[in-house]
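Undergrad: My questions will all concern the structure given below.
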Amino acid sequence: MKVAYTQGMHRILVVLLTLLSLPVAGQSTIAELHARGSSLEDLIPKGWKLLDSTTGDLNKDGISDLVFVVQGTDARNLELSEGPGMNTVDLNPRILGIYFGSSSGKFTKQVQSN
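Have a look at this one:
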């Protein structure tokens, strides 16, 4: 069986690989992503910022699903860099969220990876 490789799948893979390659040192309390929501904004916890997101039909039900990466914004997790070209290193934790869409327009959490 041949599987078609789409641009949406490529973007999802890039988001996943980026998240997995980032350091996890300096993690503080990890937030729990909301279980359900109608929009991306509904799903992001307070005090966290969106790094990247994409949509695509992950479960092949004809309904758009959502994948995103958020990062904490605690200033205590910013450290001065001793390397060239960077002033600070952001050690705030990141979370990958994968949500399936429904016909009602709501998204339901399937995976949270800290």
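Once you know that position 38 of the sequence shown is 39 in this note's numbering, the rest is easy, because the numbers rise by one and skip nothing.
Cβ atoms here follow ideal geometry from the backbone N, Cα and C, with glycine treated the same way.
Can you tell me where the alpha helix (DSSP H) holding L41 begins and where it ends?
TA: One-based indexing of the sequence shown puts residue 41 at position 40. Looking at the DSSP string, the run of the alpha helix (DSSP H) that includes L41 is L41 to L44.
Undergrad: Can you list, in chain order, the residues of its chain whose CB lies under 8 Å from that of D91, leaving out five sequence neighbours each side?
TA: Taking the sequence shown and counting its residues from 1, the one referred to as residue 91 is at position 90. So the list reads Q72, N78 and L79, once near-sequence residues are dropped.
Undergrad: Excluding sequence positions up to five away, which residues of its chain have a Cβ less than 6 Å from the Cβ of G38?
TA: Indexing the sequence shown from 1 puts residue 38 at position 37. Once the five neighbours on either side are set aside, the close Cβ partners of G38 are L44 and F108.
Undergrad: Assign V51 to buried or exposed, taking buried as 16 or more other Cβ atoms, counted over all protein chains shown, within 10 Å of its Cβ.
TA: Sequence index remark: in the sequence shown, residue 51 carries index 50 (1-based). The sequence given here places Leu at residue 51; Val does not occur at that position. By the neighbour-count rule (16 or more Cβ atoms within 10 Å), L51 is not buried but exposed.
Undergrad: For the candidate residues S65, A36, S104 and T89, whose alpha-carbon lies nearest to that of T98?
TA: By 1-based counting over the sequence shown, the position of residue 98 is 97. First, the amino acid is wrong: residue 98 is Gly here, not Thr. Closest by alpha carbon: A36.
Undergrad: Rounded to the nearest angstrom, what separates N115 and G86 at their Cα positions?
TA: Start at 1 with the first residue of the sequence shown, and residue 115 comes out as number 114. Start at 1 with the first residue of the sequence shown, and residue 86 comes out as number 85. Each residue's alpha carbon lies about 28 Å from the other.
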